[in-house]
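Undergrad: The numbering used here puts the first residue of the sequence shown at 1, with every later residue one more than the last.
Have a look at the structure that comes next, please.
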Amino acid sequence: MEILKAKSAMQQWSKEKKRLLRSIGFVPTMGFLHQGHVSLMEKAKSLCDEVVLSIFVNPTQFGPTEDLDAYPCDLENDLNLARKAGVTAVFLPTKDHVYPQNFQTKIELEHLPKFLCGKFRPVHFGGVATVVTKLFNIVMPDVAVFGQKDYQQLQIIRQLTLDLDFDIKIVAGDIVREKDGLAMSSRNSYLSQAQRTSAMSLFKSMNMAKALIQSGETDPQAIGKKMETFIHGFDETAVEYICFCDPVTLEDMENLDRKFLMALAVRVGTTRLIDNCLMDPLQ
Ligand code: AMP
């Protein structure tokens, strides 16, 4: 497994693999890897000859009051997990190298960032779209794998790939959960034991919603209110949003009579957690 720090070294590596007709799968991350990331690396491995993992805590996708400086990191463990998952190159750029002095270009999508997390994190998706565009140009993958855990991000990447004509297949990876249902996240490491119990409210509330929908409830407002009350029954929780929306446009749905995305963001203490689930009431 090669470790590459310079953009030019990464590009050269990819060019050489392309010359040898080796397909390249790519998994971009911010590190502090867990089994969710591992599942994406394994998926990339099953689809491609080579797998590139990038680890880069991208400053431009964090707002001024967010956890950029506190973001957890354990490079040794990350490299071990990557090696075991079959990664063939790790791209580890520095901030100054990704954003040199006088950097001034931004990628902004017009529509998709207006919903869900974008309402509460105004700079986030511009930062994500810009860094992913740069990473695509540096790594030049054939396939890029993103987790459904960050569903809005996945949709944004699909859209920018289409809009900017990247010849890259975007593949989604299922949400990997802890045994009790909590979606794995690097940010779960911020939670105290009591907060970890409260964090379960996201998954449990989605199960409650599923039961309501299966019993015939189609009004998203009514379900959302019940979920919110349920979540607020747990200590230190504050619901940011609970949304039922079209899985492609992310626009709110008034009636749950076709396939939809249920998505929520909840603060547990100061930690912001997200989760989601695609549902089809007709199935
Ligand atoms: P991050 O390092 O949190 O920026 O995430 C890197 C990639 O891993 C993104 O595509 C995420 O959607 C994905 N990811 C994060 N958590 C999970 C999870 N629990 N299951 C599957 N994919 C995940």
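Beta carbons: idealized from backbone N, C-alpha and C, even for Gly.
With C-beta atoms as the reference, is F136 less than 8 Å away from I168?
TA: Going by C-beta atoms, F136 is nearer than 8 Å to I168.
Undergrad: Spatial neighbours of C117 within its chain, please: C-beta separation below 7 Å, excluding the five flanking residues on both sides.
TA: Hits under 7 Å: H124, Q152, A265 and I274.
Undergrad: Pick out every residue whose C-beta is nearer than 6 Å to a heavy atom of the ligand AMP: which are they, in chain order?
TA: The set, ordered by position in the chain, is T29, M30, G36, H37, S39, L40, F146, G147, K149, D150, G173, I175, V176, A183, M184, S185 and S186.
Undergrad: Just verifying my parser: in three-state terms, what is the DSSP assignment at K169?
TA: In the structure shown, K169 sits in a strand (DSSP, three-state: E or B).
Undergrad: Please confirm if the region 26-36 is in contact with the region 52-68, defined as three or more CB-CB distances below 8 Å between the two stretches.
TA: Cβ pair count under 8 Å is three or more, so yes.
Undergrad: Identify, in the order they occur along the chain, each residue of the same chain with its Cβ nearer than 6 Å to the Cβ of F115, setting aside the five sequence neighbours on each side.
TA: Hits under 6 Å: L250.
Undergrad: Shortest alpha-carbon distance to A44 belongs to which of E236, I170 and A6?
TA: Ranking E236, I170 and A6 by Cα distance to A44 puts I170 first.
Undergrad: Would you mind sorting F120 into buried or exposed? The rule is 16 or more other CB atoms within 10 Å of its CB.
TA: By the 10 Å Cβ count, F120 comes out exposed.
Undergrad: From the DSSP output, which residues share a beta bridge with I242?
TA: According to DSSP, I242 bridges with L264.
Undergrad: Going residue by residue through the region 13-85, where are the continuous alpha helix (DSSP H) segments of at least 4 residues, counting only ones entirely within it?
TA: The qualifying runs are 35-47 and 75-85.
Undergrad: Is the CB-CB distance between P59 and K18 below 8 Å?
TA: Against a cut-off of 8 Å, the Cβ pair of K18 and P59 comes out as no contact.
Undergrad: Please state whether the Cβ-Cβ distance between E50 and I24 is less than 8 Å.
TA: Taking 8 Å as the Cβ cut-off, E50 and I24 qualify as a contacting pair.
Undergrad: Taking the DSSP output, what are the residues bridged to T237?
TA: V268.
Undergrad: Can you say whether I223 is buried or exposed, counting buried as having 16 or more other CB atoms within 10 angstroms of its CB?
TA: Buried.
Undergrad: Jot down the residue ranges of each uninterrupted beta strand (DSSP E) in the region 146-211, minimum 3 residues, whole runs only, in chain order.
TA: Complete beta strand (DSSP E) runs here, min 3: 169-173.
Undergrad: Based on DSSP bridge pairs, tell me the residues matched to L278.
TA: DSSP, once it has assigned bridges, lists L261 as partnering L278.
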